[in-house]
Amino acid sequence: SPRAKLPDYDVDGGRDLDIFDINEEAGLNLVEGDIVLDETQTRNS
Amino acid sequence: IIGDQYRWPKTIPYYMEDDLEINAKGVILKAFEQYRLKTCIDFKPWSGEENYISIFKGSGCFSSVGNRKVGKQRLSIGKNCDRIATIEHEFLHALGFWHEQSRADRDDYVEIMWDRISEGKEHNFNTYDDTTSSSLGVPYDYGSMMHYSKNAFRNGTEPTIVTKIPAFSDVIGQRMEFSDSDLLKLHRLYNCTKGSTFLDSCDFERENICGMIQGPGDKADWIRVSTAAGGPSTDYSNMGKCTGSGYFMHFNTGTANTGDTALLESRLVYPKRGYQCLQFFYYNSAGPSDTLKIYVREYDSANLSGTLRLIKTIDGSPQELWQLHHVSLDAKKKFRVVFQGAKEGSGPSTGGMSLDDINLSETTCPEFVWRVKNFSDVMDKTPADTPIFSPPFTSKEGYTFQMGLYPSGKADYPGELSAYAHLVAREGDTGQTWPCPWKQITMMLMDQHPHIQKRMSNQRSVTTDPNMTATDSNQFFWDDPRKVGVEVTDTDGSKYFRGPGAGTPVYLTHLRAKSRDFIKGGDAIFLLTMEDVSHLTGVQPPPSVSPAPGTTAAPGVCSNVECLNNGVCVVDGGMPECRCDVGDDWWYYGNRCQNKGSIKDKTTLALASSLSVLAAMLIITLVTVICLKKKYKKRANDDGVIMRNTGA
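Residue numbers (our numbering), protein chains in the order written: chain A, 51 to 95; chain B, 24 to 671.
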């Protein structure tokens, strides 16, 4: 198998990141990992 | 989420912010197409509606749950969120869905291992009781795309979610496509009756053959059978796995006379978009000169019995397999699809043409099909870090590309399929612009379920950014493969250059690839496309300069109308009308947008009105008090006189 002159590019940075991993790495602390609550909901919580 | 106030209209206005990545914009449009195909939910560019979804590149992938009625509701598709399932997942939140494992009854189906959850993340495993959240009468769905994976928020190496039925342990957390239950819930929540762009599907398992009919004026018939002399021996839907089922339609050319034709016509369908994709599996065991022709029979008031129009002739030598075919149609009025089998010459005394798993939808067809035979063997026997390549395919814009697949994963990724897209060029190629500008290559492993709406295919897209440079190099990544690639020799001995690949080492796990109908009859089918997405590099026109649907700018009608202050003239009901520019806290109004309003003016007006009312009330009160005072004073005086008179 021929090797490419330039290396391949991994669009995921070589990792299998689910939505929640992406958000955690970004430092987001959202409800259930990816849910944004509005002000009314936050007060209820 | 319970509450009608959280529902969106069935057509949701969206605005793609400028900061979105181009690949993400393209994948968002693909996600919308899946919603249109499988549900009654549609999306339209925002044209001034009060509430709309603003899609932007935030620092992750997130959304609110339901329509919050806040005007501009934000939904983030950040870095690494540009996968179709991720986008569909976030939009399911926006449509009103929580995660599957937050259902009130989830403890009946999964066990949450609280001691394995990272500290401070326990709140992510809350449930919502059945006054807040409804499961809409749908059983718990381990296969939902809204379910966490088994390792979500773990603090070590052990899973945080253990399924009560162990077989579902690796099923949870799928990010391929909507599950059947995801769709059922969406249909129930939004009262859907059909997919917006879906037209027809048939696997011929029922005797009514989905309302298809034998066409008029032919000499022979298509027959519903479960096996045919000369092949195939089984249908494609079930591959003969289920006793008493497994039917397909067959035109026996062995017994037909030369010149005979057989017409099989679909039921009537009513197009909305004006373009369709017909997909079907075809087994050709007929003579080499026999042909299958695809027509549309179109109806209008002038042609009540319909007019036949030839779309495509499918020829080629017979092959002992069910082949996947795509035919692009362009019907704009009521029509049927017509399959015409024709026995053109003498051929074998057995065999014929067979059709199965027909799907008709108002979508674009995939451009290229790469079939990998004996795929299970290929996965099991290909050494790690070893690619196989699709044939080179040339797009309509003249760029050639191919898919590189690592059946046993790239190095360090055992148990995975890894997939990469490469540009290709041959010596002497001309006419292309390098680096290749804004072409989105999509690699889809097709779930070969007979019904297009129930497929959970796996796809990833990459986009050629002409400005992207290779890692540790100043060379453009998507430059001419003759410059940045390597020369390879094709199976036929011809030579070409293959550029570097862009893709993912974690395209799909072997476990998932062996599930559903990704492998059927031993074979896997990859559907490949290369689409131009350069139009997505521009800004989505905001409503102030974008005429609403159904209204078009007509220079003739609008030529005498001048809209001031960046207003735009549109034709509404045949009359010219100015649509005025609007900002966050200001707006123009008037029949020529000549007046400016702002929140400040509004506040001043409100204050002035309030003060005026207050002053008026004060005056009225004062007058009333003075009048009453005078009246009582007078009465007191009169009373004194009477008293005096009485006393006298």
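The beta carbon of each residue, even a glycine, is placed where N, CA and C say it ideally should be.
None of the values given here were measured: they were computed from a predicted structure.
Proximal residues to residue i (C-beta, below 7 Å), its chain only, five neighbours per side dropped
i	result
residue 477 of chain B	203
residue 559 of chain B	45, 48 and 49
residue 61 of chain B	201, 206, 218 and 476
residue 235 of chain B	225, 287, 288, 289 and 290
residue 524 of chain B	427, 443, 444 and 445
residue 300 of chain B	349, 351, 384, 386, 387 and 388
residue 316 of chain B	333, 336, 363 and 365
residue 33 of chain B	63, 64, 65 and 213
residue 550 of chain B	389, 392, 467 and 469
residue 492 of chain B	498, 499 and 500
residue 454 of chain B	421
residue 503 of chain B	448 and 457
residue 194 of chain B	165 and 166
Cut-off 8 Å between Cβ atoms - residues of its own chain near residue i, not counting five sequence neighbours on either side
i	result
residue 155 of chain B	24 and 25
residue 253 of chain B	277, 308, 371, 373, 374 and 375
residue 509 of chain B	520 and 521
residue 237 of chain B	244, 245, 285, 286, 287 and 288
residue 230 of chain B	247
residue 440 of chain B	402, 428, 429, 430, 432, 468, 530, 531, 532, 533 and 536
residue 168 of chain B	108, 111, 112, 115, 197, 198, 199, 200, 201, 202 and 205
Residue i, buried or exposed, once every other Cβ within 10 Å from all chains shown has been counted against 16
i	result
residue 164 of chain B	buried
residue 210 of chain B	buried
residue 642 of chain B	exposed
residue 90 of chain B	buried
residue 239 of chain B	exposed
residue 258 of chain B	buried
residue 134 of chain B	exposed
residue 640 of chain B	exposed
residue 137 of chain B	exposed
residue 70 of chain B	buried
residue 472 of chain B	buried
residue 58 of chain B	buried
residue 512 of chain B	exposed
residue 637 of chain B	exposed
residue 631 of chain B	exposed
Between the CA atoms of residue j and residue i - distance to the nearest angstrom
i	j	result
residue 343 of chain B	residue 482 of chain B	28 Å
residue 347 of chain B	residue 378 of chain B	10 Å
residue 149 of chain B	residue 62 of chain A	29 Å
residue 35 of chain B	residue 99 of chain B	16 Å
residue 618 of chain B	residue 566 of chain B	19 Å
residue 351 of chain B	residue 298 of chain B	7 Å
residue 105 of chain B	residue 515 of chain B	37 Å
residue 417 of chain B	residue 392 of chain B	12 Å
residue 665 of chain B	residue 645 of chain B	Here residue 665 of chain B scores only 45 on pLDDT, less than 50, and its place in the model is too uncertain to base an answer on.
residue 356 of chain B	residue 296 of chain B	10 Å
residue 117 of chain B	residue 29 of chain B	9 Å
residue 109 of chain B	residue 457 of chain B	31 Å
residue 490 of chain B	residue 111 of chain B	29 Å
residue 649 of chain B	residue 628 of chain B	32 Å
residue 39 of chain B	residue 199 of chain B	23 Å
residue 94 of chain A	residue 435 of chain B	The predicted model places residue 94 of chain A with a pLDDT of 47, which falls under 50 and marks its position as unreliable; any figure quoted below should be read in that light. So the alpha carbons of these two residues sit roughly 46 Å apart.
residue 83 of chain B	residue 42 of chain B	13 Å
residue 451 of chain B	residue 399 of chain B	38 Å
residue 37 of chain B	residue 269 of chain B	43 Å
residue 539 of chain B	residue 326 of chain B	44 Å
residue 306 of chain B	residue 411 of chain B	27 Å
Own chain partners of residue i with C-beta closer than 6 Å, once the 5 adjacent residues on each side are dropped
i	result
residue 442 of chain B	428, 466, 526 and 530
residue 158 of chain B	126
residue 390 of chain B	552
residue 83 of chain A	70 and 73
residue 431 of chain B	405 and 407
residue 274 of chain B	245, 285, 364, 375 and 376
residue 380 of chain B	226, 259, 260, 304 and 473
residue 464 of chain B	424, 444, 485 and 553
#### Entry: Where the segment 493 to 520 of chain B meets chain E: residues whose CB sits under 7 Å from a CB there
Considering every chain present, this structure includes no chain E. Its protein chains are A and B.
### Message
Runs of 3 residues minimum, wholly inside the segment 299 to 326 of chain B: which ones carry the beta strand (DSSP E) assignment?
### Response
299 to 307 and 314 to 323
### Task
Counting only runs of 3+ residues fully inside the segment 53 to 134 of chain B, write out the beta strand (DSSP E) ranges in chain order.
65 to 68, 75 to 79 and 95 to 100
#### Entry: Residue ranges of each alpha helix (DSSP H) within the segment 600 to 652 of chain B, 4 or longer
none
#### Entry: Sequence ranges, alpha helix (DSSP H) only - wholly within the segment 487 to 528 of chain B, length at least 4
504 to 507
### Query
Which runs of the beta strand (DSSP E) spanning at least 3 residues fall entirely within the segment 176 to 250 of chain B, listed in chain order?
184 to 186, 221 to 225 and 246 to 248
#### Entry: Inter-stretch contact at 8 Å, needing at least 3 Cβ pairs: the segment 75 to 82 of chain A / the segment 56 to 73 of chain B
no
### Message
With a threshold of 8 Å, are at least 3 pairs of Cβ atoms found where one atom belongs to the segment 161 to 178 of chain B and the other to the segment 131 to 150 of chain B?
### Response
yes
### Task
Scan the segment 359 to 411 of chain B and note each continuous alpha helix (DSSP H) run of 4 residues or more that stays entirely inside, going in chain order.
398 to 404
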